[in-house]
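S.K.:
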Amino acid sequence: RVLLVASLASLAWLALAAAALWLIVGSSGAGALTLTEWAGVAGGVAAPLSAIWLIALVAARVWPGQQREMLARIEAAEERFALTARETRTQLESIDAVLAAVTARVEGLRKVFADEVEGFVTATDAAVHRTRTLAGALAEDRAAIDASAAALAESGDKARASFDSLASTLPEAEAQVNRIAGLLATSATDARTQLQETEDLLAAVWTRSEEAGAQAKAATESLTGVISAIAASAADAEGRLGTYAAALEASGDAALAKTGEALEATRVGVEAQTAALAAAISRTSLDLEDIGGRAIETIAGRITAIAEHVSELSRRIAEQDAGSRGFLDTVERGFSVLDAKLGNAANSSESVLASLSARIAQVRGEIDSLAAPLGTTRGAAKEIGDALGAVRAATEEALASLAEGVPSGAEKGLGAIDALRGSVANLSQDIDRVSERAAAINTPIAAGRRAIDELLDGLEDQRESLEAVVGKVRGEIETARGILSGVEQSAESTALSATTQLIDALGRVREVAAQTAGTVKSALEAVVDEAREALSKASRDAVRQSAIEPVETQIKALETAGARSADAVQAAAERLSRQLVSVAETAAAIETRVNEADAHLDAALRKDIGRQSELLVEALNSASIDIAKGLSAEVTETAWKQYLAGERGVFSRRAVQILANRDAKEVARRYSEDAEFRDGVRRYIHDFEAMLRRFNADRDGNALSMTLLSSDLGKLYVA
Numbered sequence: 034r035v036l037l038v039a040s041l042a043s044l045a046w047l048a049l050a051a052a053a054l055w056l057i058v059g060s061s062g063a064g065a066l067t068l069t070e071w072a073g074v075a076g077g078v079a080a081p082l083s084a085i086w087l088i089a090l091v092a093a094r095v096w097p098g099q100q101r102e103m104l105a106r107i108e109a110a111e112e113r114f115a116l117t118a119r120e121t122r123t124q125l126e127s128i129d130a131v132l133a134a135v136t137a138r139v140e141g142l143r144k145v146f147a148d149e150v151e152g153f154v155t156a157t158d159a160a161v162h163r164t165r166t167l168a169g170a171l172a173e174d175r176a177a178i179d180a181s182a183a184a185l186a187e188s189g190d191k192a193r194a195s196f197d198s199l200a201s202t203l204p205e206a207e208a209q210v211n212r213i214a215g216l217l218a219t220s221a222t223d224a225r226t227q228l229q230e231t232e233d234l235l236a237a238v239w240t241r242s243e244e245a246g247a248q249a250k251a252a253t254e255s256l257t258g259v260i261s262a263i264a265a266s267a268a269d270a271e272g273r274l275g276t277y278a279a280a281l282e283a284s285g286d287a288a289l290a291k292t293g294e295a296l297e298a299t300r301v302g303v304e305a306q307t308a309a310l311a312a313a314i315s316r317t318s319l320d321l322e323d324i325g326g327r328a329i330e331t332i333a334g335r336i337t338a339i340a341e342h343v344s345e346l347s348r349r350i351a352e353q354d355a356g357s358r359g360f361l362d363t364v365e366r367g368f369s370v371l372d373a374k375l376g377n378a379a380n381s382s383e384s385v386l387a388s389l390s391a392r393i394a395q396v397r398g399e400i401d402s403l404a405a406p407l408g409t410t411r412g413a414a415k416e417i418g419d420a421l422g423a424v425r426a427a428t429e430e431a432l433a434s435l436a437e438g439v440p441s442g443a444e445k446g447l448g449a450i451d452a453l454r455g456s457v458a459n460l461s462q463d464i465d466r467v468s469e470r471a472a473a474i475n476t477p478i479a480a481g482r483r484a485i486d487e488l489l490d491g492l493e494d495q496r497e498s499l500e501a502v503v504g505k506v507r508g509e510i511e512t513a514r515g516i517l518s519g520v521e522q523s524a525e526s527t528a529l530s531a532t533t534q535l536i537d538a539l540g541r542v543r544e545v546a547a548q549t550a551g552t553v554k555s556a557l558e559a560v561v562d563e564a565r566e567a568l569s570k571a572s573r574d575a576v577r578q579s580a581i582e583p584v585e586t587q588i589k590a591l592e593t594a595g596a597r598s599a600d601a602v603q604a605a606a607e608r609l610s611r612q613l614v615s616v617a618e619t620a621a622a623i624e625t626r627v628n629e630a631d632a633h634l635d636a637a638l639r640k641d642i643g644r645q646s647e648l649l650v651e652a653l654n655s656a657s658i659d660i661a662k663g664l665s666a667e668v669t670e671t672a673w674k675q676y677l678a679g680e681r682g683v684f685s686r687r688a689v690q691i692l693a694n695r696d697a698k699e700v701a702r703r704y705s706e707d708a709e710f711r712d713g714v715r716r717y718i719h720d721f722e723a724m725l726r727r728f729n730a731d732r733d734g735n736a737l738s739m740t741l742l743s744s745d746l747g748k749l750y751v752a
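What the sequence shown shows, in my numbering, is residues 34 to 752, in sequence order.
1) With 16 other CB atoms within 10 Å as the buried threshold, where does residue 76 fall?
2) Should residue 152 go down as buried or exposed, given a rule of 16 or more other Cβ atoms within 10 Å for buried?
3) Is it buried or exposed for residue 59, if we count other Cβ within 10 angstroms and need 16 for buried?
4) Helix, strand or coil for residue 129 per DSSP?
5) What whole-angstrom Cβ distance do residue 46 and residue 90 have, given they're in contact under 8 Å?
6) Taking only three categories from DSSP, how would you classify residue 148?
7) From 78, 148 and 633, pick the residue whose C-alpha is nearest to that of residue 51; which is it?
8) Nearest CA to the CA of residue 119: which residue from 728, 719, 726 and 739?
9) Under a Cβ-count criterion, where at least 16 other Cβ atoms within 10 Å of its own Cβ denotes burial, should residue 716 be classed as buried or exposed?
10) How would you call residue 147, buried or exposed, if buried means at least 16 neighbouring beta carbons within 10 angstroms?
11) Tell me where the alpha helix (DSSP H) around residue 712 begins and ends.
12) Please name the residue, chosen from 163, 494 and 86, that lies closest to residue 608 on a Cα-to-Cα basis.
13) Measuring only the C-alpha atoms, how far is residue 73 from residue 80?
14) Less than 7 Å between the C-beta atoms of residue 48 and residue 86, yes or no?
15) Residue 713: buried (16+ other C-beta within 10 angstroms of its C-beta) or exposed?
16) Please classify residue 270 as buried or exposed, where buried requires at least 16 other C-beta atoms within 10 Å of its C-beta.
17) What is the rounded straight-line gap between the Cα of residue 144 and the Cα of residue 614?
18) In chain order, what residues of the same chain have a beta carbon less than 6 Å from the beta carbon of residue 436, not counting five sequence neighbours either side?
19) Residue 633 to residue 106, Cα distance in whole Å?
20) Could you give the distance in angstroms between the alpha-carbon of residue 706 and the alpha-carbon of residue 131?
21) Could you give the distance in angstroms between the alpha-carbon of residue 108 and the alpha-carbon of residue 711?
22) When the Cα of residue 84 is compared with those of 43, 70, 117 and 55, which residue comes out closest?
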């Protein structure tokens, strides 16, 4: 009411002042008034207005109704603030419930995430355990493979030892061949000696024949002289003819006897030499058969030992469970050693065959050298026959000339001539017998030559068969080398295919070795007896059945086990990869959702904190009015203007100043006596502590709490 009256009075005065100013301006004009006069007019108009409003304010201040109305309005504002505070508390409680639900949800998500993480850790541990199990299994497999490789290396060493022993038998075979060559050389030497003796005998026969011819010639000359003497003296012819005829007959008989003895001795010697040569050839054949049999038995024993070693190797291979590249180097070194051994064996075989060929060529040369003395002997025998024929012809001519030259000889002379003719005929028969005996001697000599030629042909056939066998062995060695090179080239592929090709190469090498052994065996059996071919074939079949088929079975088992191991490892790796990807995706999704929830919660909390803080500050400011009013009965107009202008902390600062200037006992007494002051203080403290608790619940609550405590509201709370 006071303000309304002041307003009406102000309007009336302004109307009155405006009317007076109008009258003044209308009477004197606006230009007649100076600036000072206008200032006086303005001061005169404003002074009554100031007086009216000052009186009105003083009247309103001291007017009890206005005070009560102001207090009622303040109480209404306090009630509104209290209602707002209760609503704020309700909202805070609902927000706290929402926050609790959000917290529970977050805890649930955290538990789910923890469960998933635990499941992931469990799955990872299981995968690690499976991986370690697989690693252990692989380590065991590797150990088994190493053991198998060691066993294979040991078996390879045994096989190499067997091949070495087989190679060691080659020098024995070479020694036996050398023995054969020595026997042949001895036989050739004996034959040469015997032929030399035969030649000496034939030379003696030739000498004896020449002596007989000389004696016959001398007898003929003597006979010619006798006939001449007969022609000169018929009386002395008969006696001298008888003497000379007797001497001729005696000398002819002696010559024929000597010739027969020489021929008989020659025949006996030739027969003895032929028998000795046949015996030597028989002994050589028996020695060859014995040597070949022993060699075949030795090689058969070696092949049996090799078959046993191969069976042992198959049993060792059957014990291994997986294949690996670790033993390729050892096997390659073994193959290199085997290749070197085979090459050395081939070279030694070639050298042995070359030596045997040289020995055979030498024997043939020596036998060919025997052909010349035999031809000489045959020519000498022929010359002896020719000489005897010439002697016979000369004797007949001499007798014919004697018959023609002495037509009138005496009967005794004719009888002597007939007797001489008979003696010459007998001598001719003896010479024919000598020729027949020489022909008979030539026949066993030719037979011995044919036997020697047949022996040489047999040796040549054996040499050719051995050369064929060596060529075949060489070809098989080249095939094995090609197979080994193929194995070395294919070793760069995968472990499984390398193992398969290696085992195939082993099988082929075994087959090549078996075929080589069988071929050598067949060649040696061809020298002695072809009936041992069945034993060689049976040995090869036994080696094949005992070694190759079990090895192929074990290879298939190794391939299956390796495939299963590779599939298991691949499947485990794929499962582990899928689980890791799934866990990573789940963790990323959970992290995204947690970040979104945190961001949403932070935004809601900040918004709620701002709204609650605004309400609490408003409540604290309202409570500070009651506190300031309780501490001081006077409330300045300036403070109200500032409060109404929006400066809500003016009463808080005033209350702080009042508390700073007063004694604590007086404030305590006022707190205990004034119920309204006490309620205001309690409400202020409650609201301030609620705001502190709300700030402390936030991440940045400490900084906000310190800022709040350092403000006027905080100072009032502390006071």
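The C-beta atom is built at its ideal place from N, Cα and C for all residues, glycine as well.
M.R.: Well, looking at it:
1) exposed
2) exposed
3) exposed
4) helix
5) About 16 Å; that fails the 8 Å criterion.
6) helix
7) 78
8) 719
9) buried
10) exposed
11) 708-729
12) 163
13) 10 Å
14) no
15) buried
16) Confidence at residue 270 is low in this model, with a pLDDT of 47, below 50, so the placement of that residue should be treated as unreliable; the coordinate-derived value is given next. Counting Cβ neighbours within 10 Å, residue 270 comes out buried, since at least 16 surround it.
17) 21 Å
18) Caution is warranted here: a pLDDT of 49 is assigned to residue 436, below 50, making its placement in the model unreliable, and no coordinate value can be reported.
19) 41 Å
20) 42 Å
21) 15 Å
22) 43
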